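K.L.:
If you scroll down you'll find the structure; I have some questions about it.
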Amino acid sequence: MTARTTAAEERRPLRIGFIGSGFIAHFHLKSLTGVRNVEVVGVYSPTPEKRAAFAASVAELDLGECTAHESLEALLADDRLDAVWILSPNHTRLETMEMIAAQVKAGRSGITAVACEKPLARTVAEARRMLALVEEAGLNHGYLENQLFSTAVVRGKEIIWRRAVPNSGRPYLARAAEEHSGPHEPWFWRGDMQGGGVLLDMMCHSVEVGRFMLTRPGAARDTLRFKSASATVATLKWAQPKYAADLKARMGGGVDYTKRPAEDFARGLLTFVDEDGQEVIVEATTSWAYVGPGLRIVIELLGPEYALEFSTLNTGLKVFMSREVTGDQGEDLVEKQNAEQGLMPVLEDEAGVYGYTDANRHMIECFRAGRTPMETFADGVAVIEMLMALYKSAEEGRVIEMADTDLTDYRPAVSRPQD
Ligand SMILES: NC(=O)c1ccc[n+]([C@@H]2O[C@H](COP(=O)([O-])OP(=O)(O)OC[C@H]3O[C@@H](n4cnc5c(N)ncnc54)[C@H](O)[C@@H]3O)[C@@H](O)[C@H]2O)c1
């Protein structure tokens, strides 16, 4: 690999490659139509048809000349590439990062940065390894927690901390929920592959957006010291015989919730202590057992004289369609849509509201300029620590005090090998 000038040196668009070409890769791609200074020049995923279809979508959106590579090594060796976005399933995270670090260290890849989807890993040990690998390879890194960049979260946090906090005090309670009717691919449902159930899959968003809202603007996230965690998990819907059979029929024999369920509901309470010794709380709930119009994200921030609330289903735009209006099922109104008739909420810019557009804009500009993003793999590690503490609390039926707990080798019961 010959030395080449970087995007930062040339002030040219960042040229990125996607690892994975599934659901979230297409969401990210769509969001990039609202981002400057980026070109998508490569993709790798194992299925030739899917990566070719992804490259065709890049061309259609005029987002770059995208080569569909038949291996991760080939993608990484593409000498146009500045950075990669890791968007493959959770069980492939660590092997993907091991490969990236090895290729960069051996001089077989000229990339300078990596962005990674949630969750950063499935256990604290894996998450710390992800961070160590990216640092050892000398790469800039960003953790793609989209909710921190949600337009409502950014605007709401700014108003509360600028207007309300100076004369009445800091917020003390963040509530966050993310719920839908269940994931789209079999691997999400399998604790051995995904790493957990809904707590790992979706509470990763809620704990981090809660922590973010409670953190003073501009302050490091660890200015809030994580003190304790308590949680409850349950399988409310998908182990019921009727629904377990439905799941097996749709997801295949590897997903049998009568024999190997994972939790489809979780609630968690995290306590933190701020720089002045004041206790603040994140209360999070999540489920794969919510059958409403579609994905529901609810965020609240409460303080002594104020409250903020946001729900992705309280949309300004709603459409009504009578029973005479029939057609194909789809997700064209909202993500994880459950109906096509009646009064339906519509998000006219899902990529913006959920935060993908601004997350990508932030990462791309940081990577172009060689700046550290405001959300890095270190935050991804902290998220996994919070989630593992919650799992351990639910498993042991007690409050986990972080001062006397080592979570390094802890893994949720649903992810452990079974006889
Ligand atoms: N931010 C969010 O709200 C959000 C939403 C959905 C998914 N995600 C995360 O994004 C990741 C992908 O989820 P998804 O919904 O797109 O899943 P998916 O199953 O729809 O797509 C996964 C893609 O990765 C490919 N793949 C499989 N093994 C691979 C490997 N070893 N190397 C490269 N590619 C490989 C698959 O072929 C597929 O193209 C997961 O980690 C998930 O947790 C985040």
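Under full-length UniProt numbering, think of the first position of the sequence shown as 1, with each following residue one higher. From the three backbone atoms N, C-alpha and C, an ideal C-beta is built for every residue, glycine too. Small disclaimer: the values here were computed from a predicted structure and weren't measured.
Measuring CA to CA, which of L199, P261, F212, V273 is closest to R225?
P.N.:
Out of L199, P261, F212, V273, V273 has the C-alpha closest to the C-alpha of R225.
K.L.:
Classify V353: buried if its beta carbon has 16 or more other beta carbons within 10 angstroms, exposed otherwise.
P.N.:
Label assigned to V353: buried.
K.L.:
Taking 6 Å as the cut-off, is the beta-carbon of G352 closer than that to any non-hydrogen atom of ligand 1?
P.N.:
No; taking the cut-off as 6 Å, the Cβ of G352 has no heavy atom of ligand 1 nearer than that.
K.L.:
Which complete beta strand (DSSP E) runs does the segment 37-72 hold, if anything under 3 residues is left out?
P.N.:
Taking only runs of at least 3 residues, the beta strand (DSSP E) segments lying wholly in the segment 37-72 are 38-44, 67-69.
K.L.:
Would DSSP call K227 helix, strand or coil?
P.N.:
The answer is strand: DSSP assigns K227 an E or B state.
K.L.:
Among G342, R11, G327, whose alpha-carbon lies nearest the alpha-carbon of M321?
P.N.:
It is G342.
K.L.:
Jot down the residue ranges of each uninterrupted beta strand (DSSP E) in the UniProt domain "GFO/IDH/MocA-like oxidoreductase" (169-298), minimum 3 residues, whole runs only, in chain order.
P.N.:
With a minimum length of 3 residues, the continuous beta strand (DSSP E) runs that stay inside the UniProt domain "GFO/IDH/MocA-like oxidoreductase" (169-298) are 173-179, 225-234, 265-273, 279-287.
K.L.:
Look up Y306 in the DSSP assignment and give the residues it is bridged to.
P.N.:
G303, per the DSSP bridge assignment.
K.L.:
By the three-class DSSP mapping on this structure, what secondary structure does A113 have?
P.N.:
Of the three classes helix, strand and coil, the one that applies to A113 here is strand, per DSSP.
K.L.:
For the putative contact between L72 and M99, defined by C-beta atoms under 8 Å, what is the C-beta separation to the nearest angstrom?
P.N.:
L72 to M99, Cβ: 5 Å. Contact.
K.L.:
Sorted by chain position, which residues of the same chain lie with C-beta nearer than 6 Å to A68's C-beta, five sequence neighbours on each side aside?
P.N.:
So the list reads V43, R51, A52, A55, once near-sequence residues are dropped.
K.L.:
Determine contact between the segment 388-403 and the segment 240-247, defined as no fewer than three beta-carbon pairs at a distance below 8 Å.
P.N.:
Contact between the segment 388-403 and the segment 240-247 is absent, because fewer than three Cβ pairs lie under 8 Å.
K.L.:
What number of angstroms, rounded off, separates the C-alpha of R296 from the C-alpha of A359?
P.N.:
Taking the straight line from one Cα to the other gives about 20 Å.
K.L.:
Residues in its own chain within less than 6 Å of H205 by CB, not counting five upstream and five downstream?
P.N.:
Excluding residues within five positions, the ones whose Cβ falls inside 6 Å are Q147, E178.
K.L.:
Just to confirm, is the Cβ distance from V383 to L131 under 7 Å?
P.N.:
Cβ atoms of V383 and L131: not closer than 7 Å.
K.L.:
Near M1, which residues of its chain fall below 8 Å by C-beta distance, leaving aside the five closest residues on each side in sequence?
P.N.:
Interpretation of M1 is limited by its pLDDT of 47, a score under 50 that renders its predicted location unreliable; no figure is taken from the coordinates.
K.L.:
Return the bridge partner residues of E401 from the DSSP annotation.
P.N.:
According to DSSP, E401 bridges with S228.
K.L.:
Compute the minimum distance between the beta carbon of F23 and the heavy atoms of ligand 2, and state whether it is under 6 Å.
P.N.:
In the structure shown, ligand 2 is absent; the only ligands present are ligand 1.
K.L.:
Excluding the five sequence neighbours on either side, which residues of its own chain have a C-beta within less than 7 Å of the C-beta of E386, listed in chain order?
P.N.:
It is worth fixing the name first, because residue 386 is Met in this sequence and not Glu. Correct list, in chain order: V207, F226, A229, L270.
K.L.:
In this structure, how does DSSP classify K30 when only helix, strand and coil are distinguished?
P.N.:
K30: helix per DSSP, three-state reduction.
K.L.:
Can you tell me whether V255 is buried or exposed? The criterion is at least 16 other CB atoms within 10 Å of its CB, across all chains shown.
P.N.:
Buried is the call here.
K.L.:
May I ask you to check if the CB of S415 is nearer than 6 Å to at least one heavy atom of ligand 1?
P.N.:
Every heavy atom of ligand 1 is 6 Å or more from the Cβ of S415, so no.
K.L.:
With contact counted as at least three CB pairs below 8 Å, one residue from each stretch, are the segment 299-315 and the segment 153-160 in contact?
P.N.:
With the cut-off at 8 Å, the segment 299-315 and the segment 153-160 touch.
K.L.:
Is it right to say V58 is buried, meaning 16 or more other beta carbons lie within 10 angstroms of its own, or is it exposed?
P.N.:
The residue in question, V58, is buried, as its Cβ has 16 or more Cβ neighbours within 10 Å.
K.L.:
For V282, which of H184, G20, R211, P13 has the nearest alpha-carbon?
P.N.:
Among H184, G20, R211, P13, the Cα nearest to that of V282 is on R211.
K.L.:
In its own chain, which residues sit with a C-beta less than 6 Å from the C-beta of Q103, not counting the 5 before and 5 after it?
P.N.:
For Q103, where only same-chain residues beyond five positions count, the Cβ hits under 6 Å are L76, S109.
K.L.:
Does the Cβ of L87 lie closer than 6 Å to at least one heavy atom of ligand 1?
P.N.:
The answer is yes for L87.
K.L.:
On the CB-based measure, 16 or more other CB atoms within 10 Å of its CB, does V114 come out buried or exposed?
P.N.:
Classification of V114: buried, given that the 10 Å Cβ count is 16 or more.
K.L.:
Near V298, which residues of its chain fall below 6 Å by C-beta distance, leaving aside the five closest residues on each side in sequence?
P.N.:
Same-chain partners within the cutoff: A177, S311.
K.L.:
Can you check DSSP and say which residues form a bridge with I86?
P.N.:
DSSP lists I19, C116 as partners of I86.
K.L.:
Can you tell me the Cβ-Cβ gap for E340 and G327, rounded? I've got them flagged as a contact below 8 Å.
P.N.:
Between G327 and E340 the Cβ distance is about 6 Å, and since that is below 8 Å, they are a contact.
K.L.:
CA-CA distance, P13 and K118?
P.N.:
Approximately 25 Å, taken between the alpha carbons.
K.L.:
What do you get for T285, buried or exposed, if any count of 16 or more other CB atoms within 10 angstroms of its CB means buried?
P.N.:
T285 comes out buried.
K.L.:
Mind checking who N140 pairs with in its DSSP beta bridge?
P.N.:
Paired residue(s): A113.
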